[in-house]
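Visitor: After the C-alpha cells below, expect a handful of questions from me.
There are 2 protein chains.
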Amino acid sequence: MDRGYAATRLGDIADYADLQAGSLYYYFDSKEELVEEVLRYGVQFTHAHVRTAVEQLPEDATAGDRLRAAVDAHLESMLELGDLAPAHVRTFNQIPPEMQDRLRTARRAFGKFWAELVEGAIDAGEVRSDLDPYIIRLFIVNSIERVAEWHLRQKRSAEELAQIMRTMIFEGAGIGAGWSR
Amino acid sequence: MDRGYAATRLGDIADYADLQAGSLYYYFDSKEELVEEVLRYGVQFTHAHVRTAVEQLPEDATAGDRLRAAVDAHLESMLELGDLAPAHVRTFNQIPPEMQDRLRTARRAFGKFWAELVEGAIDAGEVRSDLDPYIIRLFIVNSIERVAEWHLRQKRSAEELAQIMRTMIFEGAGIGAGWSR
DNA sequence: GTCTATACAAGGATAGAC
DNA sequence: GTCTATCCTTGTATAGAC
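Quick note, the sequences are listed as chains P and L, same order. Residues in the first sequence are numbered consecutively from 1, following this note's numbering. Residues in the second sequence are numbered consecutively from 182, following this note's numbering.
This is the structure in C-alpha cells:
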C-alpha cells in the first residue's frame, strides 16, 4: 500500500498473495474490509508490543525508564512490521471516514497509553514540564513512526536506530543551553 | 488532496476552483501535470522562503542562528501553505514514479541546502557531532513537516509553535543527562 | 474560457465452473 | 478454495456547443 489506498488495486494485493483478484472475495467481503483488517492488525500489534515491553520492566523502574522502553518497543514494532508500518501511517487519512471512525477506538487506546507514559515522566520530573504533554507525545510518536519511512543509505541495526532516536527525542540536536531562545 | 493522489478526483479539484471537471483541461493537459505543478510550487515556495530567511540574517549570525532561522521559516511555510503543505508531504510517495523523478531535482536542491545548514552547525560545535548529520536532518525536517498535520485542539500562533518546535528539536524532551543510555 | 455530453479505460465486485 | 469471465460503476479525457 505504499502508493496509497485508492491506488492499491486488488490485483496488486492478489499478486502479493499469489491469488487472482476475484479469489480475495472468498476471504473478504470488500476491499474496505480487507484494508481495515490489515490496519487494525498494525495498531494492535504495536500497542501490544509496546505495552508488554513496558509492563515487563522491574517494579523499581522509573517513569523515565518506562518511557524509554516504550520508544524502543514502538520503534521495534515499526521495523518488524516491514511494509505494513508505513502503510498504516500513510494510509489512515486516505481511507473512507467511516473506516477511520471504526479504527479510531483502537488508535485512541494506544494514544492514551502513550499519554500516560509521557505524563508520568513529566510528573516524575524526568521530562520537561514547560510544554504541552499532548504536543510532546505527538512529537515523539511522530518521530518514531516516520523512521520506517527513511530509506537509509546505510542499513542500521534496530539497536543503533533506537539509540539514535532516544538521543534525538530526549536530548535533542543542540549542544549547550539557549537553543530555544 | 488530503485523501491521496488517486483518490482525489478531477471533479473535486474542479469544485474547489468553481469549475466543471472538463474545464480543467483548458489549463492542464492531464491530472498528472496539474498535480505536478501544485507539488512543485510547494517545494519551491518553501525552499525560497527558508533560503531568504537565512540569507537575510546579519553577517555575524552563527551557524546555530542560521539553523534556527531555517526551522522557523520552514515551519512558517508549512503553516502558510495551508492544505497544500500536508498534500505535498503526503502525496509524494503516491504519485507516478516518473513524476517523482521530475520533482526530485527540486527536492534535492532544498535537501542540500538543509544539509549544509546542519553540517555548518555541527562544524561550529553548535549541534551534536555524535550522530550522522543526514539523520539529524531527516529528523528535523520530518518534525517540521508533520506539524502541519497536527490538528491541534487549541489553535496556536505560528510563534508559539515555532518556540515549541525549537525546544523539542534542539533541547529534546528529557531533563538532565543520561537519557540516551 | 467554460459548459455539457460522451467516449474510453480501469478497477471493484459477482457468478459460476472446476 | 481458487479460477475465469463478466457486469457495473467511476473517473480521466475528448469533442464540440456557447
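From the three backbone atoms N, C-alpha and C, an ideal C-beta is built for every residue, glycine too. As the structure is a prediction and not an experimental result, all values here were calculated from the model.
#1: Secondary structure at G82 (chain P), three-state DSSP: helix, strand or coil?
#2: How far does the alpha helix (DSSP H) with H96 (chain P) in it reach, from first residue to last?
#3: Any idea if H255 (chain L) is buried or exposed, counting beta-carbon neighbours within 10 angstroms, 16 or more meaning buried?
#4: Give a yes or no on whether the C-beta atoms belonging to I175 (chain P) and R309 (chain L) are separated by under 8 angstroms.
#5: Confirm the yes/no value for this check: CB of V299 (chain L), any heavy atom of the ligand COA, distance under 7 angstroms.
#6: So what does V308 (chain L) bridge to, in DSSP terms?
#7: Let me make sure I understand the geometry here. Which of P:W179, P:E171 and P:S157 has the alpha-carbon closest to that of M78 (chain P)?
#8: Taking Cβ to Cβ, would you say L67 (chain P) is nearer than 8 angstroms to A121 (chain P)?
#9: If you follow the alpha helix (DSSP H) that F45 (chain P) is part of, which residue opens it and which one closes it?
#10: Between the segment 41 to 51 of chain P and the segment 81 to 94 of chain P, do three or more beta carbon pairs fall short of 8 angstroms?
#11: Would A7 (chain P) and G185 (chain L) qualify as a contact pair, given that the criterion is a beta-carbon distance under 8 angstroms?
#12: Please check the pair A53 (chain P) and A63 (chain P), which I expect to be a contact at CB under 8 angstroms, by giving their CB distance rounded to whole angstroms.
#13: By alpha-carbon positions, which one of P:L10, P:T46 and P:V141 ends up nearest to E76 (chain P)?
#14: Would you tell me roughly how many angstroms separate the C-alpha atoms of E126 (chain P) and K336 (chain L), rounded to the nearest one?
#15: Would V219 (chain L) pass as a contact of R347 (chain L) if the rule is Cβ separation under 8 angstroms?
#16: Comparing C-alpha positions only, which one of L:Y197, L:G192 and L:E213 sits nearest to G203 (chain L)?
#17: Quick one: grab the DSSP three-state call for E240 (chain L).
#18: Is A115 (chain P) helix, strand or coil when you go by DSSP?
#19: Which residue wins for smallest C-alpha separation from Y16 (chain P), given the options P:A162, P:Q163 and P:M1?
#20: If we define contact as Cβ-Cβ less than 8 angstroms, is D241 (chain L) a contact residue for chain P?
#21: Excluding the 5 residues flanking L265 (chain L) on each side, which residues of the same chain have their C-beta closer than 6 angstroms to its C-beta?
#22: One question on the structure: do R283 (chain L) and E217 (chain L) come within less than 8 angstroms of each other, judged by their Cβ atoms?
#23: Name, please, each residue of chain P whose Cβ falls closer than 8 angstroms to the Cβ of F273 (chain L).
#24: Should R137 (chain P) and A162 (chain P) be called a contact, given that it needs their Cβ atoms to be closer than 8 angstroms?
#25: Where does Q20 (chain P) fall in DSSP's three states?
#26: Helix, strand or coil for G192 (chain L), going by three-state DSSP, please let me know.
#27: What in chain P is Cβ-close to V308 (chain L), meaning under 7 angstroms?
#28: Given that a residue counts as buried once 16 or more other Cβ atoms are within 10 Å of its Cβ, and exposed if not, what is Q201 (chain L)?
#29: At least one CB of chain P closer than 8 angstroms to the CB of F351 (chain L): is that the case?
#30: Here's the rule: buried if 16 or more other CB atoms are within 10 angstroms of the residue's CB, otherwise exposed. What is S143 (chain P)?
#31: Please list the residues of the segment 199 to 231 of chain L that have a C-beta atom closer than 7 angstroms to any C-beta atom in chain P, keeping them in chain order.
Guide: Here's the rundown:
#1: In this structure, DSSP gives G82 (chain P) a state outside helix and strand, which the three-state scheme calls coil.
#2: Per the sequence shown, residue 96 (chain P) should be read as Pro rather than His. Taken as a continuous stretch (DSSP letters only), P96 (chain P) belongs to no alpha helix (DSSP H), as it is neither H nor E.
#3: That one is buried.
#4: Closer than 8 angstroms, so yes.
#5: Among the components of this structure there are no ligands whatsoever, and the ligand COA is therefore not found.
#6: V308 (chain L) is bridged to P:G174.
#7: The candidate whose alpha carbon is nearest that of M78 (chain P) is P:S157.
#8: Yes, these two residues count as a Cβ contact at 8 angstroms.
#9: F45 (chain P) -> alpha helix (DSSP H) spans K31 to E55.
#10: With a cut-off of 8 angstroms, the segment 81 to 94 of chain P and the segment 41 to 51 of chain P count as touching, because enough Cβ pairs lie within range.
#11: Contact: yes.
#12: In fact, because the Cβ distance is near 15 angstroms, the residues do not count as touching under 8 angstroms.
#13: Ranking the options by Cα distance to E76 (chain P), first place goes to P:T46.
#14: The straight-line gap from Cα to Cα measures roughly 27 angstroms.
#15: Taking a C-beta distance under 8 angstroms as the contact criterion, V219 (chain L) and R347 (chain L) do not qualify as a contact pair.
#16: When each option's Cα is compared against that of G203 (chain L), the closest is L:G192.
#17: Coil at E240 (chain L), not helix or strand.
#18: Residue state, collapsed to three classes: helix.
#19: Nearest C-alpha to Y16 (chain P): P:M1.
#20: Contacts with chain P at 8 angstroms (Cβ-Cβ) do not include D241 (chain L).
#21: The beta carbon of L265 (chain L) sits closer than 6 angstroms to the beta carbons of G223 from its chain, once the five residues preceding and following it are set aside; these are given in chain order.
#22: For the pair R283 (chain L) and E217 (chain L), the CB atoms are nearer than the 8 angstroms cut-off.
#23: Residues of chain P passing the Cβ test: none, with the nearest at roughly 11 angstroms.
#24: No, they are not a contact pair.
#25: Reduced to three states, the DSSP call for Q20 (chain P) is coil.
#26: Three-state result, G192 (chain L): helix.
#27: Within chain P, the C-beta atoms nearer than 7 angstroms to that of V308 (chain L) come from A173, G174 and I175, in chain order.
#28: With fewer than 16 Cβ atoms within 10 Å of its Cβ, Q201 (chain L) is classed as exposed.
#29: Yes, F351 (chain L) lies at the interface with chain P (some Cβ there is under 8 angstroms from its Cβ).
#30: Looking at its Cβ environment, which holds 16 or more other Cβ atoms inside 10 Å, S143 (chain P) is buried.
#31: Listed in sequence order: no entries.
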